[in-house]
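Inspection log for the structure reproduced underneath, given as structure tokens.
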Amino acid sequence: MKYLTAFLSGVVSVVLLSFFATPLLSEIYADYFNVQPGPDGESELADFLIFWQWPAFFALGFFLGYIIHTKCLTHMSLPPVNR
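Here the numbering used here runs 375 ahead of the position in the sequence shown, where the first position is 1.
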């Protein structure tokens, strides 16, 4: 169950960080590497998005999901059953 939680957290982080962080990171990347506008620049930014940003976003979300599951969700237990 913890891996499912971590996987889903990774997917959610890819979606959310792609929406919020990608414009800023793409702008920084384009300024640092002097990416020129046009088809070549767009393909270079797409490569940066697909091969660097998305895996990093997924790894971050997977790690956070795993930590959240082990620290928070496993310590939540049901009250003891009186037998």
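Cβ coordinates follow ideal geometry from the N, Cα and C atoms, glycine included.
Can you tell me the Cβ-Cβ gap for residue i and residue j, rounded? I've got them flagged as a contact below 8 Å.
i          : j           : result
serine 384 : leucine 439 : 6 Å
Tell me the residue span of the alpha helix (DSSP H) that contains residue i.
i                 : result
valine 478        : Nothing can be reported for residue 478, as the shown portion of the chain is limited to 376 through 458.
phenylalanine 433 : 429-443
proline 414       : 414-423
CB residue i to CB residue j, shorter than 7 Å?
i                 : j            : result
methionine 429    : valine 386   : For the record, residue 429 in the displayed sequence is tryptophan; it is not methionine. No, these two residues do not count as a Cβ contact at 7 Å.
phenylalanine 423 : tyrosine 404 : yes
Can you have a look at residue i and say buried or exposed, based on whether 16 or more other CB atoms are within 10 angstroms of its CB?
i                 : result
phenylalanine 432 : buried
threonine 381     : One detail in the question is off: residue 381 reads as alanine in this sequence, not threonine. Label assigned to alanine 381: buried.
leucine 420       : buried
valine 408        : First, the amino acid is wrong: residue 408 is phenylalanine here, not valine. By the 10 Å Cβ count, phenylalanine 408 comes out exposed.
phenylalanine 437 : buried
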